[in-house]
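Written out below as structure tokens is the structure these notes cover.
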Amino acid sequence: YLAGKLKCEAALVTAGASSGLTLGTAACLTVANRCDIRAIPQEVMREKNEVVVQKAHRYGYDQALIACGAKMIEVETLEQYDRAFTDKTVMAHFFNAADGGQIGREDWIAVAHKHGVPCFNDAAADMPPISNLWNYTQMGFDLVTFSGGKGIRGPQNAGLLLGKRELIEAAARNNNPYDGVARGQKVAKEQIVGMVAAIDWLLEQSDESMEKEFRDRA
Ligand SMILES: *Cc1c(COP(=O)(O)O)cnc(C)c1O
Numbered sequence: 751y752l753a754g755k756l757k758c759e760a761a762l763v764t765a766g767a768s769s770g771l772t773l774g775t776a777a778c779l780t781v782a783n784r785c786d787i788r789a790i791p792q793e794v795m796r797e798k799n800e801v802v803v804q805k806a807h808r809y810g811y812d813q814a815l816i817a818c819g820a821k822m823i824e825v826e827t828l829e830q831y832d833r834a835f836t837d838k839t840v841m842a843h844f845f846n847a848a849d850g851g852q853i854g855r856e857d858w859i860a861v862a863h864k865h866g867v868p869c870f871n872d873a874a875a876d877m878p879p880i881s882n883l884w885n886y887t888q889m890g891f892d893l894v895t896f897s898g899g900k901g902i903r904g905p906q907n908a909g910l911l912l913g914k915r916e917l918i919e920a921a922a923r924n925n926n927p928y929d930g931v932a933r934g935q936k937v938a939k940e941q942i943v944g945m946v947a948a949i950d951w952l953l954e955q956s957d958e959s960m961e962k963e964f965r966d967r968a
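Those letters in the sequence shown? Residues 751 to 968, by the working numbering.
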């Protein structure tokens, strides 16, 4: 239902954007290593576990990726980025609201896809505009996460992971009720219903009506 509303292949309600980062990374590790979920984090550290990221996109939420056994590989130039891909690369990570970084979204996606590697965009706080809920998946990002309790104004302990079906299915396998790295990031039925209600509400709003409300409140 959410994937249909948000114009992407598949969608998962998570326990927040940080959980979305962990589940998305676990999904990329699972698919790249063709491994059991129990191989995360320890066994994948001896196999494929490299995540390429711009130096200016490093942030506190990296911990959500590193918890899966991911090794962060920093790049600055487009040429360094192209050369950073190895047979151990599982994911390219992008921080949508980063202040710095020379490499833009389209180049970031194109180079990753040239190497057959999925691209993740953390857009946790980047709604409004409402269209951002589909702009980044339609641009080509394989995974995009949003916080449920920021601009979307859904449950504070929920979030969205949107993207390609194979990766969303792998993300779900790493979550409760299975005994993977994110078993502790359980999503209750109340959060799922809450996110659906929030998206239904949001899609009846407009960027203009929301901005007016924000200004009135301020
Ligand atoms: C807020 C935020 C997160 C974490 O979101 P939660 O829903 O609180 O887990 C992750 N990444 C970015 C960029 C954020 O702004």
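Backbone N, C-alpha and C define an ideal beta-carbon position, used for all residues, glycine too.
Selection from the options that minimises the alpha carbon distance to residue i
{"i": "T827", "options": "E800, D837, T836 and K805", "result": "K805"}
{"i": "S881", "options": "F870, I902 and L779", "result": "I902"}
{"i": "D849", "options": "Y809, N783, E963 and P905", "result": "Y809"}
{"i": "I790", "options": "A874, K962, V931 and V943", "result": "V931"}
{"i": "A921", "options": "Y751, A782 and L756", "result": "A782"}
{"i": "Q830", "options": "D857, I816 and N846", "result": "D857"}
{"i": "D872", "options": "V802, V894, R965 and M795", "result": "V894"}
{"i": "G890", "options": "I859, L815 and V801", "result": "I859"}
{"i": "N925", "options": "V867, K939 and I787", "result": "I787"}
{"i": "A765", "options": "F964, E963, Q906 and A947", "result": "Q906"}
{"i": "E797", "options": "L779, M841 and Q813", "result": "L779"}
{"i": "V801", "options": "H865, S959 and E919", "result": "H865"}
Reduced DSSP category for residue i - H, G, I as helix; E, B as strand; rest coil
{"i": "Q804", "result": "strand"}
{"i": "E824", "result": "strand"}
{"i": "D872", "result": "strand"}
{"i": "L893", "result": "strand"}
{"i": "H865", "result": "coil"}
{"i": "T836", "result": "coil"}
{"i": "M945", "result": "helix"}
{"i": "V931", "result": "coil"}
{"i": "A777", "result": "helix"}
{"i": "I787", "result": "helix"}
{"i": "E954", "result": "coil"}
{"i": "D849", "result": "coil"}
{"i": "A782", "result": "helix"}
With 16 other Cβ atoms within 10 Å as the buried cut-off, status of residue i
{"i": "G936", "result": "Here the sequence assigns Lys to residue 936, which means Gly is not the residue at that position. When all chains shown are included, K936 counts as exposed."}
{"i": "G819", "result": "buried"}
{"i": "D929", "result": "exposed"}
{"i": "L953", "result": "exposed"}
{"i": "Q941", "result": "buried"}
{"i": "F964", "result": "exposed"}
{"i": "P868", "result": "buried"}
{"i": "T839", "result": "buried"}
{"i": "Y751", "result": "exposed"}
{"i": "G934", "result": "exposed"}
Residues that residue i bridges to, as DSSP identifies them
{"i": "E856", "result": "In the DSSP output, where bridge partners are listed per residue, E856 has none listed."}
{"i": "N925", "result": "A932"}
{"i": "V763", "result": "L910"}
{"i": "M841", "result": "V801"}
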